[in-house]
Amino acid sequence: MTNEIPTGPQTAAPSGSDPALMREMFRTMHLIREFEERAAEEYMRGNIGGFLHLAIGEEAAVVGSVLALRPTDPITSTYREHGQALARGSDPRAVMAELFGRQTGLCGGHGGSMHLMDREHAFYGGYGIVGGSIPLAVGLGFSITYRHADGVALAMFGDGATNQGVLTESMNMAKLWHLPVVFFCLNNQYGMGTAVDRASADTDLFTRAAAFDIPSRRIDGMDVLAVHQAVSDAAHHARTEHDPVMIEAIAYRYRGHSMSDPDKTRPEDEKARWRARDPLVTFERVLLGEGLVTGDELEEIRSSNAATVADAAAFAADSPMVPESALADHVYAHPWTDDPRGSALMPKGSK
Amino acid sequence: MTTEVATVTYREALTQAMREELERDPDVFLMGEDIGLFEGSFKVTRGLLAEFGPDRVIDTPISEAGFVGLGIGAAMTGLRPVIELMTVNFSIVAMDQIINNASKVRYMFGGQVSVPMVIRMPGGAGHQLGAQHSHSLEAWFTHVPGLKVVCPSTPYDAKGLLKTAIRDDDPVIFLESEGLYAKKGPIGGADDLVPFGQAAVRRSGSHCTIIAVSRMVWISLAAADLLAADGVECDVIDPRTTRPLDLETIAASVRRTNHCVVVDEGWPECGLASNIATHVYESCFDWLDAPVGRVNAADVPIPYARNLEQASLPSATDVADAVRATLARGT
């Protein structure tokens, strides 16, 4: 039997909750929405190449989880990770410039949309192979334990990754060695075009953790407060008990898998149903209803974000292209040749 | 200054390298299947669990992709994992982690992180282990920018190169040869590091250059003995690392001998020998008196039956024949 997918009313803000945190959650969710809408436009204009995977609709899951961690807790993510970088505090200018493939980008134009990374903010990157980054997060958790540090690593992955063997390996090691890892499955209900029930024999993905005696739960990923609470609890458990936790957050992406997906196969009534639970709209209602923000404050956040995104796009467009001399930069920490082409095997200094 | 100390096995040379680096740097840890309590499938980690404890010598589940990935994540924070894959054959299970993550993260993240990790693994055939346990995958790894690839042939190099690998800030694929673990020879002291990208000239001769990797160095030295009996003298060059490759030493030799044969235990197609031969053509074309010869494993999965397996692998006779054929073409 499958559990009901949680679709209840938006969680009320707990009494005594911090209005500044509430506003920050809304600000970040809105920034991501605004940023990605703009990224889609820039993609259509040809300013962004390759794949562009948008998380529009998933902002509550992204922001609720990232903001529940300490800024020093390391995170890994998938190729749908603009929001994670922004939530972590990466400069929107540098993120947009990376999408544009410019020198000023977060990764100097070497990464692109799928490979954002910001070490300064303990964002350990977006990865393009489904499931492939999960053991890296376990390694980040291992490092915390090895150094007797106080931290939690969060592995963010999608529903599709739960059918990759490496998740099983990762969960087993995390539990076996008591590593502080939160396995955060952002279940947007589709692995590209394949619905979870067409790919998974058991669609209760959170129950995968039971095989390793890892506590797990399913939450409403459209409800930022529910996500924030669940990840706060999970991170606290991982940090204090030195043990992993799994969370499955049910969400929905409002766009196709990537910009090249016309989104023809998902049922229209399903899309409409989930659009009716837009995480920004529902959260705004809670904030206003409970008097945590005023309409004017929300408007101020919106216009500030719009200006930030416009500035980021202008910055990216005005940024220099990556010089070709950077082609072979960063292949090695200790390169032995300056020549990226013909003589790449020649030891440095030997002519 | 090089201080040669005791004569030990290739296996013990590797153990010493790890012991010394574990002592030197608390960020170094070992991880792999049965490396602790069992002391390694090939006993390369003998004594290290007892000496350094289970926090630094870690037995893993049989999850190659998982613990190689874990090592990459740990290395991204500055730890120095030395991962043992029980054999090179099992690296294939971890190839996504090695190729898509270890070799890429530094580049695609604009240099924000390094992966100071070593993945040690024995490879090669010759023990009747059949098709799935006899791979020589030097060429696969050498293909990939972002990796460094090391193939020691002597105890001295096994120790000195492994110490260099552990101190290197890039991911190093360290390919040991199963057939060499019992090989004895002198080794260096705690500070004798062997640099990457510096070939060793194992024997000198003026008629033909033999370039050989890992265990094939010894096959080629035996071939050189056979040839010397006929008055043919060979340079035998051991690149020691295939990425970076010391083309300078190779080219200097070929320009002197005007003949070249390349020997590796992998398959012939898109192989290490083909690749080195191409470099020789590109850098020495005007000096060559004959096409570059190649000696490889037969282009078949490695068979079980002893006689078939031996027939599939390069032998000293094969190498000597290849040298003679090359010299015959050149006259």
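Chains as they are written, first to last, in my numbering: chain A, 1449 to 1799; chain B, 2 to 332.
For glycine and all other residues, C-beta sits at the position ideal for the given N, C-alpha and C.
Within the model, the alpha-carbon separation for glycine 1494 (chain A) versus arginine 1486 (chain A) is close to 12 angstroms.
Ranked by Cα distance from arginine 107 (chain B), the options B:Gly125, B:Ala95, B:Met77 are led by B:Met77.
With fewer than 16 neighbouring CB atoms inside 10 Å of its own CB, cysteine 271 (chain B) falls in the exposed class. A Cβ-Cβ distance of about 6 angstroms is found for the pair methionine 1619 (chain A) and isoleucine 1662 (chain A), placing them in contact under the 8 angstroms criterion. Buried is the label assigned to asparagine 297 (chain B), since at least 16 other Cβ atoms lie within 10 Å of its Cβ. Under the three-state reduction of DSSP, glutamate 34 (chain B) is assigned to coil, being neither helix nor strand.
Distance from the Cα of methionine 1707 (chain A) is smallest, within the candidate group A:Glu1732, A:Glu1747, A:Glu1490, for A:Glu1490.
Aspartate 170 (chain B) belongs to the set of residues whose beta carbon lies under 8 angstroms from a beta carbon in chain A. Taking CB atoms only, arginine 1687 (chain A) has no neighbour in chain B less than 8 angstroms away. Under the three-state reduction of DSSP output, serine 154 (chain B) falls in the coil class, being neither helix nor strand. For isoleucine 36 (chain B), the number of other beta carbons within 10 angstroms of its own is at least 16, and it is reported as buried.
DSSP places isoleucine 99 (chain B) in the helix class (H, G or I) of the three-state scheme. Within 9 angstroms of the CB of asparagine 1620 (chain A), the CB atoms of chain B belong to Pro62, Ser64, Gly67, in sequence order along the chain. The Cβ of glycine 1559 (chain A) sits closer than 8 angstroms to at least one Cβ of chain B. At a cut-off of 8 angstroms between beta-carbon atoms, leucine 1624 (chain A) makes contact with chain B. Taking the Cβ atoms as the reference, glycine 131 (chain B) lies roughly 24 angstroms from tyrosine 11 (chain B), outside the contact range of under 8 angstroms. Under the DSSP assignment, serine 1664 (chain A) falls in the beta strand (DSSP E) whose first and last residues are 1664 to 1668. In the same chain as serine 42 (chain B), and ignoring 5 residues on each side of it, the C-beta atoms closer than 7 angstroms to its own belong to Asp35, Met87, in chain order. Residues Leu1502, Ile1504, Asp1711 of the same chain have their beta carbon placed closer than 7 angstroms to that of arginine 1703 (chain A), with the five preceding and five following residues left out of the count. In this structure, DSSP gives aspartate 60 (chain B) an extended state, which the three-state scheme calls strand. For tyrosine 1594 (chain A), the chain B residues whose C-beta falls within less than 8 angstroms of its own C-beta are Phe30, Asp56, Ala75, Leu80, listed in chain order. Close to arginine 107 (chain B), with beta-carbon spacing below 9 angstroms, are these residues of chain A in chain order: His1778, Val1779, Tyr1780, Ala1781. Put simply, of A:Leu1588, A:Glu1772, A:Gln1677 the residue whose alpha carbon is nearest the alpha carbon of leucine 80 (chain B) is A:Leu1588. According to the DSSP assignment, arginine 330 (chain B) belongs to the alpha helix (DSSP H) that extends over 317 to 330. A residue is called buried once 16 or more other Cβ atoms fall within 10 Å of its Cβ, and serine 1751 (chain A), having fewer, is exposed. When C-beta atoms of the region 318 to 331 of chain B are compared with those of the region 216 to 235 of chain B, three or more pairs fall below 8 angstroms, so the two segments count as touching. When the five nearest sequence neighbours on each side are left out, the beta carbons in the same chain lying within less than 6 angstroms of the beta carbon of alanine 1570 (chain A) are those of Thr1520, Pro1522, in order along the chain. Following the DSSP letters along the chain, one finds cysteine 271 (chain B) in no alpha helix (DSSP H), marked with neither H nor E. With a threshold of 8 angstroms between beta carbons, serine 115 (chain B) makes contact with chain A.
Minimum Cα-Cα distance from phenylalanine 1590 (chain A) among the listed residues A:Asp1668, A:Asp1652, A:Ala1686, A:Arg1567 corresponds to A:Ala1686.
Under the Cβ criterion of 8 angstroms, leucine 71 (chain B) is counted among the residues facing chain A. When Cβ-Cβ separations below 8 angstroms define contact, tyrosine 1700 (chain A) makes no contact with chain B. Apart from sequence neighbours up to five positions away, the residues of its chain that approach arginine 47 (chain B) with a beta-carbon distance below 7 angstroms are Thr16, Glu40, Gly41, ordered along the chain. Residues of chain A whose Cβ lies closer than 7 angstroms to the Cβ of phenylalanine 53 (chain B) do not exist; the shortest such Cβ separation is about 13 angstroms.
Listed along chain B, the residues sitting closer than 9 angstroms to methionine 1565 (chain A) by beta-carbon distance are Val106, Met109, Phe110, Gly111, Gln113, Val114.
The region 237 to 247 of chain B and the region 200 to 212 of chain B touch, with three or more beta-carbon pairs separated by less than 8 angstroms.
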